[in-house]
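Before any comments, here is the structure.
Numbering (this note's numbering), first residue to last: 5 to 208.
Following this line, the structure appears as structure tokens:
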């Protein structure tokens, strides 16, 4: 099984491009790339149209040149983002991770990839019970086909077309990730200090 990682860096919450802020040695989004790189065979970073150059500069400066970058022209809905991103990857399974989640445990990424090997999708739920589409894993071909044949753009409707779907509840995520590191999101520059403190505690 070949697995790919799609880092979603679209500035869809909080301050735009917050993932470019430095956290320790690297910008926030490159912490995500490092963790993904422990599991997947290739990494694609999906960025807003017009922002390719600033991400290319960061990737080159910190010697992460093995990453591919793709501009997403239409960010109006999740299905379009995933379809455009998935069209650039080669893996049978694609693990999606938000660019502003620098503490995502490698074990969680590996689990999503492994569970999706014989499924069409493995979807995580957040504290509110909603699916976190950008922290999940998908069979690339199955999802693209479902998006293309669906009359609706809603991911909930699209997922109905998939036959083998597994949901990971928030309570299960807490069991797998007791510190809830996978739930930590940097949405503004002021969050950096909080995350640095968490990282310091983890090193002790």
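A virtual CB, placed ideally from N, CA and C, is assigned to each residue, including glycine.
Segment limits, beta strand (DSSP E) that includes residue 68:
Careful: residue 68 lies outside any beta strand (DSSP E) and carries neither H nor E.
What is the residue span of the beta strand (DSSP E) that residue 139 lies within?
Run containing residue 139: 135-143, per the beta strand (DSSP E) assignment.
Buried versus exposed call for residue 182 [16 or more other C-beta atoms within 10 Å across all chains shown]
With fewer than 16 other Cβ atoms from the protein chains shown falling within 10 Å of its own Cβ, residue 182 counts as exposed.
Using the Cβ count rule (16 or more neighbours within 10 Å means buried), how would you classify residue 83?
Classification for residue 83: buried.
Give me the Cα-Cα distance between residue 106 and residue 162, rounded to the nearest whole angstrom.
The straight-line gap separating the alpha-carbon atoms of residue 106 and residue 162 is approximately 29 Å.
Bridge-paired residues (DSSP) for residue 52:
DSSP, once it has assigned bridges, lists 76 as partnering residue 52.
Let me check understanding here. Comparing Cα to Cα, which of 100, 35, 75 and 37 lies closest to residue 147?
The shortest C-alpha separation from residue 147 is found at 100.
Which of helix, strand or coil does DSSP assign to residue 58?
DSSP places residue 58 in the helix class (H, G or I) of the three-state scheme.
Since residue 13 contacts residue 50 with CB under 8 Å, what's their CB separation in whole angstroms?
With a contact defined as Cβ atoms closer than 8 Å, residue 13 and residue 50 qualify at about 6 Å.
Would you check if there are 3 or more beta carbon pairs closer than 8 Å linking the segment 102-117 to the segment 30-45?
In short, these stretches touch, since the Cβ pair count reaches three.
If I measure Cβ to Cβ from residue 123 and keep anything under 6 Å in the same chain, skipping five residues before and after, which residues do I get?
Closer than 6 Å at the Cβ level, and outside the excluded window around residue 123, lie 168 and 170.
Host beta strand (DSSP E) of residue 170 (start-end):
Unbroken beta strand (DSSP E) run through residue 170: 169-172.
Would you list, in sequence order, the uninterrupted alpha helix (DSSP H) runs of no fewer than 4 residues that lie entirely inside the segment 92-130?
The qualifying runs are 110-119.
I think residue 174 touches residue 131, with their Cβ atoms under 8 Å apart; what is that distance to the nearest whole Å?
With a contact defined as Cβ atoms closer than 8 Å, residue 174 and residue 131 qualify at about 5 Å.
Given a cut-off of 8 Å, decide if residue 128 and residue 76 are closer than it, judged by their beta-carbon atoms.
No, they are not a contact pair.
Bridge-paired residues (DSSP) for residue 9
Residue 9 pairs with 47 and 99.
Can you give me the C-alpha to C-alpha distance between residue 142 and residue 125, rounded to a whole angstrom?
Approximately 4 Å, taken between the alpha carbons.
Give me the DSSP bridge partner(s) of residue 40.
Note: residue 40 sits in no beta bridge, so no partner.
Between the Cα of residue 98 and the Cα atoms of 121, 26 and 64, which residue gives the shortest distance?
It is 121 whose Cα lies nearest to the Cα of residue 98.
Determine contact between the segment 86-93 and the segment 21-33, defined as no fewer than three beta-carbon pairs at a distance below 8 Å.
By the criterion of at least three beta-carbon pairs nearer than 8 Å, the segment 86-93 is not in contact with the segment 21-33.
Assuming residue 36 contacts residue 103 under a Cβ cut-off of 8 Å, what Cβ separation, rounded to an integer in Å, is found between them?
The pair is a contact, with the Cβ atoms about 6 Å apart (cut-off 8 Å).
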